[in-house]
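Participant:
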Amino acid sequence: MSKLKEDFEASGGVWKEWKMGDLFVSSNGNFDIQQTHINGKGDYVVSSGEQNNGIIGKTDVVASVFDKNTITVDMFGNVFFRDFRYKMVTHARVFSLKFISEKFTEKSAKYVTSNLYFLKESFSYSNMASWNKIADKMVKLPTFKGEPSYSFMEQYISLLEEEKMLQVDKFLKDSGLNDTTLTAEETAALEKFRNGEVKFEERKIGELFTLKAIKQAKSQSLIPEDSNGVPYIVQSTKNNMYKMHVNEKWLIDNDESPVEGNAIVLGVTLPAVSYQPYKFGASQVIVARADFLQEQIGLFIVPMLEKLMIQFSYSKKPGMQIYKNMFLSFPINASNEIDYTFMQHFISAQEKLIIKGVVKYKDEVLNS
């Protein structure tokens, strides 16, 4: 990477600030797409927010369609490159930026996008982003002979991807995850699900799990961070509820001992849910345990719980008793018992299929 920069500067390349208005043209949606319009058909819909990169689903409702290889900026200053066609909601104040120059390729567009993350520091709910507010903002780009150097951007992103994929390749080999061959049991579980042969029945959460509230005694700001410590889990709907790594001894000394892993964690007042395989510190959460619980089963149950979380909001909060009385639909075997074996094989198959896609992408990058 350093050699690329040195060669670029030696040839006369410089870093110059460019006005956003000289790089992009902005467009807005023409129809206020609501949650009721999301039906899984048509084009992706982009809204404001970081979760799922701002994508809220698909709709075939008639609305403006924006080209792929463009950038969206929302009212909070979140910036995402879109390599697909999409529609946008209007009530969440998200807008689309199209490169004025057709010389921008996907890789150079990614380079520019990564240099626009500073926008997030400038805007908030009380100061929402708009094209008028950012059109005069400057972004520093590699420049050659008075023009943005698209070739440098492309080479930079290519080298970065190769570097990251080499790390992925090493991790897959070291961890043994490069074996993506499905077992007979995993294949059978996938086929059974795809053919609609899985029977589901509801079971009450409080009858399957033991729930315990974990309350915080001290302010989170007092807990010292420690990269070698334990993960700290909070009631957040983002990042699998993870906030930071903290000092384990501090937790113990301050009567906030870490919680053993292999547990499902639920938000106390927010609709947050995650599976935590390892020991963790926690704040204001509810921990659910069961004898049958293990990683694959936990990963099977969490998405089912996430679907139920839609019913909660700021004015309708979840809580211990509410969780206990909720029902989940579980796969049932021929004996009318919960089919934990199916759940394990199904998730194990999904993990291998995902890793297979990663391996394919990694090989494409390294062999390109």
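Residue numbers (my numbering): 175 to 542. All residues carry an ideal CB built from backbone N, CA and C; glycine is no exception. The structure displayed is predicted, hence computed values, not measured ones.
Would you call the region 471–478 and the region 504–522 in contact, with 3 or more CB pairs under 8 Å?
Facilitator: yes
Participant: Could you say which of Val268, Asp241, Asp206 lies nearest to methionine 249 if we only look at CA atoms?
Facilitator: Val268
Participant: At which residues does the beta strand (DSSP E) containing glutamine 390 begin and terminate?
Facilitator: From DSSP, glutamine 390 is part of no beta strand (DSSP E); its letter is neither H nor E.
Participant: From the DSSP output, which residues share a beta bridge with serine 200?
Facilitator: Leu271
Participant: Could you name the residues that DSSP lists as bridge partners for methionine 327?
Facilitator: Its beta-bridge partners do not exist; DSSP assigns none.
Participant: Would you call the region 315–334 and the region 284–294 in contact, with 3 or more CB pairs under 8 Å?
Facilitator: Segments in contact, yes.
Participant: Near phenylalanine 486, which residues of its chain fall below 6 Å by C-beta distance, leaving aside the five closest residues on each side in sequence?
Facilitator: Pro445, Pro492
Participant: Can you check which of these residues, Lys261, Gly231, Lys294, Val235, is closest to asparagine 252 by C-alpha distance?
Facilitator: Per the Cα distances, Lys294.
Participant: When you compare each of Asn541, Ser522, Asp181, Ile397 to leucine 351 by their alpha carbons, which one comes out closest?
Facilitator: Ser522
Participant: Roughly how many whole angstroms lie between the Cα atoms of alanine 387 and glutamine 458?
Facilitator: 7 Å
Participant: Kindly indicate the opening and closing residues of the alpha helix (DSSP H) around valine 474.
Facilitator: Reading the sequence as shown, one finds phenylalanine at residue 474 and not valine. Its alpha helix (DSSP H) spans residues 469–482.
Participant: Does the region 425–434 touch the region 447–461, meaning 3 or more C-beta pairs lie closer than 8 Å?
Facilitator: Short answer: they touch.
Participant: How is threonine 210 classed by DSSP in three states: helix, strand or coil?
Facilitator: helix
Participant: In the DSSP output, which residue or residues are listed as bridge partners for serine 503?
Facilitator: Looking at the DSSP assignment, serine 503 forms a beta bridge with Glu376.
Participant: Tell me, to the nearest whole angstrom, how far the beta carbon of serine 221 is from that of alanine 266; I am working on the premise that it is less than 8 Å.
Facilitator: 5 Å
Participant: Which class does glycine 231 belong to by DSSP, given the choice of helix, strand or coil?
Facilitator: strand
Participant: Pick out whichever of Met494, Ile407, Leu197 has its Cα sitting closest to the Cα of histidine 419.
Facilitator: The option with the nearest alpha carbon to histidine 419 is Ile407.
Participant: Return the CA-CA distance between isoleucine 230 and asparagine 436, expressed in angstroms with no decimal places.
Facilitator: So the alpha carbons of these two residues sit roughly 30 Å apart.
Participant: Per DSSP, which residues does lysine 281 bridge with? Please list them.
Facilitator: Looking at the DSSP assignment, lysine 281 forms no beta bridge with any residue, so it has no partner.
Participant: In the DSSP assignment, the alpha helix (DSSP H) including arginine 259 goes from what residue to what residue?
Facilitator: Segment: none, arginine 259 is in no alpha helix (DSSP H) and carries neither H nor E.
Participant: DSSP three-state call for serine 222: helix, strand or coil?
Facilitator: coil
Participant: Which residue's Cα is closest to the Cα of phenylalanine 501: Glu376, Pro398, Gln524?
Facilitator: Glu376
Participant: Tell me the rounded alpha-carbon separation between glutamate 276 and glutamate 191.
Facilitator: 20 Å
Participant: Which same chain residues end up closer than 6 Å to leucine 315 when comparing Cβ atoms and leaving out the 5 residues on each side of it in sequence?
Facilitator: Trp192, Pro322
Participant: Helix or strand or just coil, what does DSSP make of asparagine 306?
Facilitator: It is helical.
Participant: For the beta strand (DSSP E) containing asparagine 541, name the first residue and the last one.
Facilitator: No beta strand (DSSP E) contains asparagine 541, which is instead part of the alpha helix (DSSP H) from 514–541.
Participant: Quick one: Cα of histidine 211 to Cα of asparagine 204, how far?
Facilitator: 14 Å
Participant: State buried or exposed for lysine 536, treating a residue as buried only when at least 16 other CB atoms are found within 10 Å of its CB.
Facilitator: buried
Participant: Taking buried to mean at least 16 other C-beta atoms within 10 Å of its own C-beta, is serine 270 buried or exposed?
Facilitator: Label assigned to serine 270: buried.
Participant: With a threshold of 6 Å on Cβ separation, who are the neighbours of lysine 378 within its own chain once the five nearest residues in sequence on each side are excluded?
Facilitator: Phe501
Participant: Which runs of the alpha helix (DSSP H) spanning at least 4 residues fall entirely within the region 418–466, listed in chain order?
Facilitator: 422–427
Participant: By the DSSP assignment, the alpha helix (DSSP H) with aspartate 181 in it spans what residues?
Facilitator: 176–184
Participant: DSSP three-state label for valine 404, please.
Facilitator: It is a strand residue.
Participant: Applying the criterion that 16 or more other CB atoms from any shown protein chain within 10 Å of the CB defines a buried residue, is glutamate 256 buried or exposed?
Facilitator: Looking at the sequence provided, one finds arginine at residue 256 rather than glutamate. When all chains shown are included, arginine 256 counts as buried.
Participant: To the nearest angstrom, how far is the alpha carbon of alanine 363 from that of lysine 311?
Facilitator: 53 Å
Participant: Could you give the first and the last residue of the continuous alpha helix (DSSP H) run that contains lysine 366?
Facilitator: Looking at the DSSP string, the run of the alpha helix (DSSP H) that includes lysine 366 is 358–368.
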